[in-house]
Amino acid sequence: MKKLLTLLTRASLLGLVLTWAAPAAHAQADLLGQLDQETKKDAPKELVDATFKSTRLINGHTVQTPGEGTLVFLISHRIGPFNSGSYEFFGLDQAKMRLALEYALTDRLEIGVGRSTLDKTVDGFLKYRAIRQSTGAHAMPVSVTLFGSSAITTLHYNDNINHTIGLRTTYSYQALIARKFSSDLSLQLMPTLIHRNLVMNEGQKNDVYAIGAGGRYKLTKRFSLNAEYYCVLDKYTQDHYQNSLAVGVDIETGGHIFQLLLTNSIGMIEKQFIAETTDNFFKGGIYFGFNINRNFTLKQRRLH
Amino acid sequence: MSKTLLSVGRAGIVLIWTLLGLGSSSQAWAQGKYMTRGGHISFFSASIMEDIEARNDKVAAVFDVVTGQIAFSVPVHEFQFKRTLMQEHFNENYMESDKYPKATFTGQVLNAAQVLKQLPAAGQNVEAEGNMTMHGVTHKIIVTGTLQLRDGQLVVFAYFNIAPADYSIDIPLLVREHIAKSVSVRVNLTCDAVSPTLVSQP
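Structure, rendered in structure tokens:
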């Protein structure tokens with residue numbers, strides 16, 4: 002009896018639902034349409050994020066800074082060149098590395114320090130997201146990040162020059178300009194100025210201007226192809242050095258980003274790979290390298 | 000000249016008041032639509048490895064108290080996480096909010112005639128059945144919650160569970176233990192009465 006009763010109530014409920022649902026079907030779509038219209042009226046400004054996965058494109062920086070309170074531990078290696086022969090085990094004997102820590106003080110401002118084995122160089126940098134790409138009202142087509150770094154070599158010298166801290170210092174300035182064209186494609190331009198306080202050779206200028214270009218194309222959600230090229234605009238550097246070229250992939254796994262790459266530059270900081278690259282990519286002067294990015298959230302954001 | 004300006008200004012103010020539907024709540028009630036664009040939604044994923052929580056207060060919703068239909072639309076990109084990297088992964092890798100910027104629900108309150116008749120007197124426990132669309136996939140779900148009229152506003156509270164797998168949200172093996180198989184969702188809407196002039200009628 003009880004069963005029959007529940008069956009009856011269920012049937013009546015179903016009947017009720019059906020009578021309601023029939024005319025409601027198209028009205029529901031209208032309700033959503035209304036909602037769409039209402040929200041479209043003043044589409045809010047939305048920041049475009051994740052232009053790149055890492056703070057590095059390959060050798061150089063991207064417009065990206067980590068979110069506030071995030072610490073990045075960056076381990077980079079360059080092994081090669083391949084054309085150094087079996088005596089050097091094709092470059093493995095000459096591997097160079099750089100260790101770095103980067104921390105985002107705010108969503109826009111990042112600071113970082115690093116130490117390279119190449120020329121025993123210590124570097125520090127500041128990175129500020131001046132303009133962020135956005136959609137909606139007052140959309141901004143590009144992101145612009147300003148980058149400044151200084152690098153000090155701690156090598157012992159045996160020449161007759163008194164290598165003061167000042168003379169050991171090099172400055173790099175970049176305006177990184179990028180646009181995320183789609184979720185897959187992002188391109189970046191990097192006008193650069195490198196200033197060396199001391200240059201050793203005649204005719205060598207203290208300032209080196211360069212323009213870089215690069216980008217990434219995502220093949221899957223967690224895997225992308227990257228390329229990066231820096232063209233120096235200074236005659237002396239053009240004659241005595243090579244432009245830096247790098248190709249690589251980003252592989253993202255949760256809190257890590259692995260970047261595997263091929264480049265003709267052994268240095269991993271701007272003044273080294275832009276102004277001091279000597280190997281020719283197309284004559285076997287290729288280094289295999291990787292960057293490992295590990296992110297730690299030191300300070301969690303408060304949700305309100 | 001200034002007089003004409005003044006009268007134009009007055010007319011404008013009157014027009015705005017009319018548009019806002021102030022002082023005509025009975026008419027709005029008769030029209031029977033309630034709306035908000037600042038509704039709250041949050042979700043919680045509990046797993047052995049970690050708990051994940053995110054909030055979003057940009058939910059747009061409309062409720063028709065004549066027919067008992069409800070629709071809400073969530074801008075996926077507006078979810079805020081405690082960890083910024085998680086937020087990036089949520090948008091980039093899981094929800095693909097570039098491709099699927101909105102999650103929507105359209106539904107019908109079950110047993111609506113009875114529920115809505117009693118609504119002005121007391122808060123009601125309700126169930127709504129409808130279509131949830133997110134990440135490009137639509138599923139029929141049942142949402143349970145409460146409806147309450149308070150100071151001329153309609154307060155909607157709803158909760159339901161979502162299984163990421165149902166919406167073809169692919170979670171890689173490496174982080175599978177970090178994300179719950181079933182994520183609980185809570186919706187909290189305070190809707191204002193809408194005057195007929197604001198909403199175009201079908």
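Chains as they are written, first to last, in the working numbering: chain A, 2 to 305; chain B, 0 to 201.
Don't be surprised by glycine CBs; every beta carbon is placed ideally from N, CA and C.
| Check | Outcome |
| --- | --- |
| Same chain, Cβ closer than 6 Å to residue 93 of chain A, five either side skipped, listed in chain order | 80 |
| Contacting residues, own chain, Cβ-Cβ under 6 Å from residue 59 of chain A (five flanking each side not counted) | 227, 229, 247, 249, 262 |
| Chain A contact residues for residue 72 of chain B, given Cβ-Cβ distances below 8 Å | 33, 36, 37, 40 |
| Helix, strand or coil at residue 120 of chain A according to DSSP, with G and I counted as helix | helix |
| Where residue 52 of chain B meets chain A, residues with beta-carbon distance less than 8 Å | 304 |
| Cα-Cα separation, residue 85 of chain B to residue 240 of chain A | 47 Å |
| Stretch-stretch touch, CB-based, cutoff 8 Å, three pairs: the stretch 130–139 of chain A with the stretch 36–48 of chain A | yes |
| Contact residues within the stretch 236–257 of chain A, judged by C-beta distance below 9 Å to chain B | 253, 254, 255, 256 |
| Reduced DSSP secondary structure (H/G/I, E/B, other) of residue 65 of chain A | coil |
| DSSP three-state assignment for residue 277 of chain A, whether helix, strand or coil | coil |
| Chain B contact residues for residue 140 of chain A, given Cβ-Cβ distances below 9 Å | Within chain B, no residue comes near residue 140 of chain A; the closest Cβ sits about 14 Å away, beyond 9 Å. |
| Separation of residue 171 of chain B from residue 88 of chain B, as counted between CA atoms | 12 Å |
| Cutoff 7 Å: residue 81 of chain B Cβ touching any chain A Cβ | yes |
| Own chain partners of residue 23 of chain A with C-beta closer than 8 Å, once the 5 adjacent residues on each side are dropped | Here residue 23 of chain A scores only 45 on pLDDT, less than 50, and its place in the model is too uncertain to base an answer on. |
| Residue from A:266, A:133, A:120 with nearest C-alpha to residue 158 of chain A | A:120 |
| Extent of the continuous beta strand (DSSP E) run through residue 231 of chain B | A query on residue 231 of chain B cannot be resolved here, the shown segment of chain B reaching from 0 to 201 and no further. |
| For residue 240 of chain A, the first and last residue of its enclosing alpha helix (DSSP H) | 236–241 |
| Through-space distance from residue 31 of chain B to residue 138 of chain B, alpha-carbon basis | 27 Å |
| Reduced DSSP category for residue 126 of chain B - H, G, I as helix; E, B as strand; rest coil | strand |
| Same chain, Cβ closer than 7 Å to residue 218 of chain A, neighbours up to 5 away in sequence not counted | 185, 186, 225, 226 |
| Expected contact under 8 Å - CB spacing of residue 144 of chain A and residue 52 of chain A to nearest Å | 6 Å |
| Residues of the stretch 111–136 of chain A with Cβ closer than 8 Å to any Cβ of chain C, in chain order | Judged by its chain identifiers, the structure shown contains no chain C, and its protein chains are A and B. |
| Cβ shell of residue 194 of chain A (< 7 Å), same chain only, five flanking positions each side left out | 174, 208, 210 |
| Nearest-angstrom Cα separation, counted from residue 35 of chain B out to residue 178 of chain A | 38 Å |
| Residues within the stretch 145–176 of chain B neighbouring chain A, beta-carbon criterion of under 7 Å | 173, 174 |
| Boundaries (first-last residue) of the beta strand (DSSP E) holding residue 219 of chain A | 208–221 |
| Below-7 Å beta-carbon distance, residue 84 of chain B vs any chain A residue | yes |
| Cβ distance (whole Å) where residue 104 of chain B is taken to contact residue 129 of chain B below 8 Å | 6 Å |
| The stretch 63–78 of chain A / the stretch 94–106 of chain A touching (three or more Cβ pairs under 8 Å) | yes |
| Touching by the beta-carbon criterion (3+ pairs, under 8 Å), the stretch 178–197 of chain B and the stretch 147–167 of chain B | yes |
| Test item: CB-CB of residue 102 of chain B and residue 75 of chain B under 7 Å | yes |
| Contact belief for residue 171 of chain A with residue 202 of chain A at Cβ below 8 Å, rounded distance in angstroms | With 8 Å as the limit, residue 171 of chain A and residue 202 of chain A do not qualify as a contact, their Cβ atoms being about 15 Å apart. |
| Outcome for residue 280 of chain A when other beta-carbon atoms lying within 10 angstroms are tallied against a minimum of 16 | buried |
| Nearest neighbour of residue 97 of chain A, chosen from A:259, A:57, A:117, A:304 [CA to CA] | A:117 |
| Backbone CA spacing between residue 233 of chain A and residue 73 of chain A [nearest angstrom] | 30 Å |
| Proximal chain B residues relative to residue 69 of chain A, where beta-carbon distance stays under 8 Å | 83 |
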